[in-house]
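Notes follow once the structure below has been shown.
Residue numbers (the working numbering): 37 to 271.
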């Protein structure tokens with residue numbers, strides 16, 4: 037099988053295709069690359085350097101995922117499906133393509149729309165969750181897209197993007213709690229304490245930083261959680 041794929045595999049990573057300026061070409065190439073990755077899994081189909089270019093192409097092809105009217109919309113969803121099922125996003129971690137991972141997160145949170153509820157929404161959650169699950173260390177840069185999406189009254193953030201960010205945060209609350217606490221401290225040094233800064237974000241962030249697995253939506257309960265957290269921080 038690999039011998040039969042040899043010629044198209046080489047052609048796809050030629051600079052003229054990987055770096056093509058046409059988004060239509062990028063999506064088509066990315067779709068083919070995902071299929072090759074699926075067929076050759078668990079073996080990597082290319083060298084490390086070639087894979088970096090491959091993932092650059094795949095991530096850039098997802099930039100306009102919001103455009104459901106595009107004739108390439110279904111291909112973009114199929115790319116999401118392939119990344120999720122093959123778990124190819126983990127290879128980006130192995131290759132230390134951290135900037136590319138952050139860019140992928142940003143694409144998802146910027147492009148998600150109400151019509152993505154269902155398969156596309158779940159695939160985006162799964163992909164981001166996979167990356168966080170397999171990360172040995174979660175950097176502030178990796179968390180920034182999520183924090184931006186769940187910040188209260190943030191201009192340009194759609195409710196569905198907020199929900200996407202919350203879903204991923206809740207999914208790995210236990211693992212990312214210490215990283216979120218550190219991130220909130222670094223991002224809000226001007227605040228008097230962490231409790232003050234949390235007031236500017238989704239209720240979900242309060243529960244995660246406090247270490248509870250119950251994500252209530254009751255405002256009174258949220259205030260009680262924030263008060264307890266403030267007391268604990270001063271002890």
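Virtual Cβ for every residue (Gly too), placed ideally from N, Cα, C.
Note that the structure is predicted; figures quoted are calculated from it, not measured.
**Same chain, Cβ closer than 6 Å to residue 252, five either side skipped, listed in chain order** = Reading the chain shown from its first residue, position 216 is the one you call residue 252. No answer about residue 252 holds up, because its pLDDT of 48 lies below 50 and its placement is not dependable.
**Request:** Please work out which residues of its chain come closer than 8 Å, Cβ to Cβ, to residue 244, disregarding the five sequence neighbours upstream and downstream, and give them in chain order.
**Result:** Counted from its first residue, the chain shown places residue 244 at position 208. Result list for residue 244: 205, 206, 209, 212, 213, 216, in chain order.
**Request:** Count the other C-beta atoms from every protein chain shown that fall within 10 angstroms of the C-beta of residue 201, then say buried if there are 16 or more, exposed otherwise.
**Result:** Mapped onto the chain shown, residue 201 falls at position 165. Residue 201 is buried by the Cβ-count criterion.
**Asked** residue 147 and residue 100 look like a contact to me (Cβ under 8 Å); what is the Cβ gap, rounded to whole Å?
**Response** Here residue 147 corresponds to residue number 111 of the chain shown, with the count starting at 1. Here residue 100 corresponds to residue number 64 of the chain shown, with the count starting at 1. Indeed they touch by this definition, with Cβ atoms about 7 Å apart.
**Item:** Proximity to residue 187 [Cα-Cα], best of 234, 154, 172, 169
**Value:** As a first step, residue 187 must be located in the chain shown, where it is residue number 151. For residue 187, the nearest C-alpha among the options comes from 234.
**Prompt:** How far does the alpha helix (DSSP H) with residue 122 in it reach, from first residue to last?
**Reply:** As a working mapping, residue 122 is identified with position 86 in the chain shown. From DSSP, the alpha helix (DSSP H) with residue 122 extends over 109 to 122.
**Asked** Would you report the Cα separation of residue 64 and residue 111, rounded to the nearest angstrom?
**Response** Working through the chain shown from its first residue, we reach residue 64 at position 28. Working through the chain shown from its first residue, we reach residue 111 at position 75. When rounded, the distance between both Cα atoms is 8 Å.
**Asked** By Cβ distance below 7 Å, which residues in the same chain neighbour residue 96 in space, the five residues on each side in sequence not counted?
**Response** On the chain shown, position 60 is the one that residue 96 refers to. So the qualifying residues of the chain are 62.
**Item:** Identified DSSP bridge partners for residue 237
**Value:** Counting from 1 along the chain shown, the entry for residue 237 is found at position 201. Note: residue 237 sits in a beta bridge opposite 187.
**Prompt:** Should residue 66 go down as buried or exposed, given a rule of 16 or more other Cβ atoms within 10 Å for buried?
**Reply:** For the purposes of this step, residue 66 is taken as the residue at position 30 of the chain shown. Buried, since its Cβ has 16 or more Cβ neighbours within 10 Å.
**Message:** DSSP three-state label for residue 82, please.
**Reply:** In the chain shown, counting from the first residue as 1, residue 82 sits at position 46. Three-state DSSP puts residue 82 in coil, outside helix and strand.
**Message:** Here's a check: name, in chain order, each residue in its chain whose Cβ is nearer than 7 Å to the Cβ of residue 136, leaving out the five neighbours to either side.
**Reply:** As a first step, residue 136 must be located in the chain shown, where it is residue number 100. 91, 92, 95, 128.
**Request:** Using beta-carbon positions only, say whether residue 150 and residue 108 come within less than 8 Å of one another.
**Result:** Residue 150 sits at position 114 when you count from the first residue of the chain shown. Residue 108 sits at position 72 when you count from the first residue of the chain shown. Going by C-beta atoms, residue 150 is not nearer than 8 Å to residue 108.
**Reference residue 162, options 69, 192, 124, 177, closest by Cα** = Mapped onto the chain shown, residue 162 falls at position 126. Checking every option, the nearest Cα to that of residue 162 belongs to 124.
**Request:** Can you say whether residue 50 is buried or exposed, counting buried as having 16 or more other CB atoms within 10 angstroms of its CB?
**Result:** Position 14 of the chain shown, counted from the start, is the residue given in the question as residue 50. Classification of residue 50: exposed, given that the 10 Å Cβ count is below 16.
**Message:** Cutting at 6 Å between CB atoms, please list the residues of its own chain near residue 47, excluding the five before and the five after it.
**Reply:** Within the chain shown, the letter at position 11 stands for residue 47. Closer than 6 Å at Cβ, skipping near neighbours: no residue.
**Asked** How about residue 219 and residue 183: do their beta carbons lie closer than 8 Å?
**Response** What you label residue 219 is simply residue 183 of the chain shown in a count that begins at 1. What you label residue 183 is simply residue 147 of the chain shown in a count that begins at 1. Contact flag set, yes.
**Prompt:** Does the beta-carbon distance from residue 113 to residue 178 come in below 8 Å?
**Reply:** Walking along the chain shown from the start, residue 113 turns up at place 77. Walking along the chain shown from the start, residue 178 turns up at place 142. No, Cβ-Cβ distance for residue 113 and residue 178 is not below 8 Å.
**Item:** Close Cβ partners of residue 81 (< 7 Å) along its chain, the five nearest in sequence each way excluded
**Value:** Here residue 81 is taken as the residue at index 45 of the chain shown, counted from 1. Cβ within range, chain order: 45, 72, 73.
**Request:** Using the Cα positions of residue 105 and residue 78, report the straight-line distance between them to the nearest angstrom.
**Result:** Within the chain shown, residue 105 is the residue found at index 69, counting from 1. Within the chain shown, residue 78 is the residue found at index 42, counting from 1. When rounded, the distance between both Cα atoms is 34 Å.
**Asked** If you count every other CB in all the chains shown that lies within 10 Å of the CB of residue 155, and 16 or more means buried, which is it?
**Response** To locate residue 155, count along the chain shown from 1; it is residue 119. That one is exposed.
**Asked** For residue 149, which three-state DSSP category applies?
**Response** Translated into the one-based positions of the chain shown, residue 149 becomes position 113. In the structure shown, residue 149 sits in coil (DSSP, three-state: anything other than H, G, I, E or B).
**Request:** Express the C-alpha separation of residue 43 and residue 69 in angstroms, rounding to a whole number.
**Result:** Taking the first residue of the chain shown as 1, we reach residue 69 at position 33. Taking the first residue of the chain shown as 1, we reach residue 43 at position 7. Going from the Cα of residue 69 to the Cα of residue 43 covers about 13 Å.
**Prompt:** Is it the case that the Cβ atoms of residue 98 and residue 159 are separated by a distance below 8 Å?
**Reply:** Along the chain shown, one-based indexing puts residue 98 at 62. Along the chain shown, one-based indexing puts residue 159 at 123. Cβ atoms of residue 98 and residue 159: not closer than 8 Å.
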